[in-house]
Amino acid sequence: MSYHVNEKGYYGQFGGAFIPEMLYPNIEELRQNYLKVMAEPDFKKEFDQLLKDYVGRPTPLYFAKRMSKKYNTKIYLKREDLCHTGAHKINNTIGQILMAKHLKKTRIIAETGAGQHGVATATVCALAGLECIVYMGEIDIARQAPNVARMKMLGAEVRPALSGSRTLKDATNEAIRDWINNPVDTHYIIGSAVGPHPYPDMVARFQSVVSEETKWQLKKVEGRENPDYIVACVGGGSNAAGAYYHYLNELEVKLIAVEAAGKGIYTGESAATSVLGKEGVIHGSKTLLMQTNDGQITEPYSISAGLDYPGVGPMHAHLYETKRAEFISVTDDDAMTAGLELSQLEGIIPAIETSHALAIFEHKEFKPQDVVVISLSGRGDKDLSTYIEYFKL
Numbered sequence: 015m016s017y018h019v020n021e022k023g024y025y026g027q028f029g030g031a032f033i034p035e036m037l038y039p040n041i042e043e044l045r046q047n048y049l050k051v052m053a054e055p056d057f058k059k060e061f062d063q064l065l066k067d068y069v070g071r072p073t074p075l076y077f078a079k080r081m082s083k084k085y086n087t088k089i090y091l092k093r094e095d096l097c098h099t100g101a102h103k104i105n106n107t108i109g110q111i112l113m114a115k116h117l118k119k120t121r122i123i124a125e126t127g128a129g130q131h132g133v134a135t136a137t138v139c140a141l142a143g144l145e146c147i148v149y150m151g152e153i154d155i156a157r158q159a160p161n162v163a164r165m166k167m168l169g170a171e172v173r174p175a176l177s178g179s180r181t182l183k184d185a186t187n188e189a190i191r192d193w194i195n196n197p198v199d200t201h202y203i204i205g206s207a208v209g210p211h212p213y214p215d216m217v218a219r220f221q222s223v224v225s226e227e228t229k230w231q232l233k234k235v236e237g238r239e240n241p242d243y244i245v246a247c248v249g250g251g252s253n254a255a256g257a258y259y260h261y262l263n264e265l266e267v268k269l270i271a272v273e274a275a276g277k278g279i280y281t282g283e284s285a286a287t288s289v290l291g292k293e294g295v296i297h298g299s300k301t302l303l304m305q306t307n308d309g310q311i312t313e314p315y316s317i318s319a320g321l322d323y324p325g326v327g328p329m330h331a332h333l334y335e336t337k338r339a340e341f342i343s344v345t346d347d348d349a350m351t352a353g354l355e356l357s358q359l360e361g362i363i364p365a366i367e368t369s370h371a372l373a374i375f376e377h378k379e380f381k382p383q384d385v386v387v388i389s390l391s392g393r394g395d396k397d398l399s400t401y402i403e404y405f406k407l
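Each residue of the sequence shown is one higher than the one before, starting from 15 at the first, in my numbering.
Shown next as structure tokens:
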């Protein structure tokens with residue numbers, strides 16, 4: 015069984031490109047070129063150079079000593095929070111801005127929820143000197159104000175999405191609409207492993223630097239490339255795709271995907287797609303999707319702006335269906351507690367998205383000799399106001 019995308023753009027039965035006819039030329043241009051461009055020596059050289067000198071890679075694989083002691087297992091944190099801009103998102107935006115330049119695009123659009131992808135896109139647009147428009151739900155603009163300010167400082171225009179739930183799903187709708195209206199000069203930098211083929215695969219490949227580094231870093235400290243478990247939070251799924259990528263076919267490595275259960279899986283305020291989702295099409299791909307019986311998309315909810323997406327990327331839908339990955343749903347309360355715990359045990363304040371992955375130890379037992387790698391996908395600066403409000407700090 016393959017866990018990678020096939021030539022038709024599917025992971026098992028999930029994926030594909032369900033797009034309006036107006037977008038067909040854009041998607042087709044990207045599909046025909048992305049692997050060729052990524053294989054070009056010049057592209058690879060520039061991408062690797064920027065990851066090293068600009069992003070600050072490789073990021074450390076940090077042994078969390080006090081946390082490991084508390085949970086009686088070996089816990090390593092892959093420190094994507096130490097990337098320039100504070101999250102893993104920059105790995106993909108660097109790749110896509112180089113792709114856009116190769117395809118001679120002059121205008122960049124993006125969608126963002128937590129704002130990390132928006133900041134990462136605005137950052138690379140400043141670096142490349144390209145026009146940047148970021149769509150963001152009105153609610154997310156309010157709860158992620160520091161990131162909105164960063165985007166504006168970096169020269170991007172932030173456009174609010176005022177329809178629907180006014181969060182990530184709606185920002186994505188607006189970005190797609192923009193792309194339909196500006197097909198020739200515009201490249202859409204999607205921030206997660208979602209959307210029509212080739213996006214989920216392209217984003218996963220740009221993020222795969224995370225698992226690539228984990229392999230040699232683990233070899234150094236543990237004498238083996240493969241951990242027993244890899245844990246990552248999943249909204250759309252780009253940090254998880256990167257953390258899993260080089261381990262997908264290493265079946266002895268267990269993959270754990272942590273979703274946002276919000277106020278509880280069955281409270282009606284949740285984003286636990288694996289439990290609540292049914293097959294459907296969202297933003298150009300067939301995947302698992304939270305929807306009503308007549309196919310209307312259900313509004314997701316999570317305390318973290320980056321996880322309240324009603325679907326999940328097609329790669330993850332396939333990993334769930336084939337049972338290659340175990341999906342666990344974590345509530346707001348458990349995630350917030352885990353975020354505070356990491357701060358006080360290891361001196362690292364995580365993004366609330368990441369805190370969901372850190373809450374795994376309350377849900378699952380590990381053996382003392384197990385090596386557990388957690389993708390520490392982002393830092394918590396952007397979430398301080400949510401932490402302050404929640405803990406009355």
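Glycine is no exception: its CB is placed at the ideal position from the N, C-alpha and C atoms.
Owing to the predicted nature of the structure, the values given are computational and were not obtained by experimental measurement.
Test item: CB-CB of residue i and residue j under 9 Å
i	j	result
L302	G294	yes
I104	A134	yes
Y202	A124	yes
I270	A246	yes
A255	G178	no
R164	A136	yes
C127	G282	The question names Cys, but residue 127 is Gly in the sequence shown. In this structure, G282 does not lie closer than 9 Å to G127 by Cβ.
Y10	A114	Look at the range of the chain in this structure, 15 to 407, and you will see that residue 10 is not part of it.
I362	S318	no
Y24	L333	no
V386	Y261	no
M52	K59	no
K300	F32	yes
E273	I342	yes
I296	G325	yes
G109	C146	no
R393	V223	no
L91	L44	no
In DSSP terms, what residue i is bridged to
i	result
R173	Y149
T345	G276
R121	E145, T200
G325	L303
K292	L303
T126	M150
A339	L269
R393	P364
With 16 other Cβ atoms within 10 Å as the buried cut-off, status of residue i
i	result
D56	exposed
F375	buried
V198	exposed
Y38	exposed
I111	buried
N40	buried
K183	buried
L64	buried
T336	exposed
W193	buried
R238	exposed
F28	buried
V267	buried
L398	exposed
A159	exposed
K1	The displayed coordinates of the chain run from 15 to 407. Any statement about residue 1 would go beyond what the structure contains.
8 Å contact criterion, which residue i and residue j should meet: CB distance rounded
i	j	result
L407	M81	Wrong, their Cβ atoms sit about 21 Å apart, outside the cutoff.
A352	A373	4 Å
T73	R93	5 Å
A285	D322	5 Å
L390	D95	5 Å
Contact test: residue i Cβ vs the ligand SAH heavy atom, cutoff 8 Å
i	result
Q383	With respect to the ligand SAH, the structure shown offers nothing to examine, as it has no ligands at all.
Output the residue ranges of the alpha helix (DSSP H) runs that lie fully inside the region 227 to 282 and measure 4 residues or longer, sorted by chain position.
-> 252 to 258
Those runs of the alpha helix (DSSP H) which lie wholly inside the region 356 to 380 and span at least 4 residues | 366 to 372
Identify every run of the beta strand (DSSP E) within the region 65 to 107, keeping only runs that are complete inside it and at least 3 residues long; order them along the chain.
-> 75 to 77, 88 to 93
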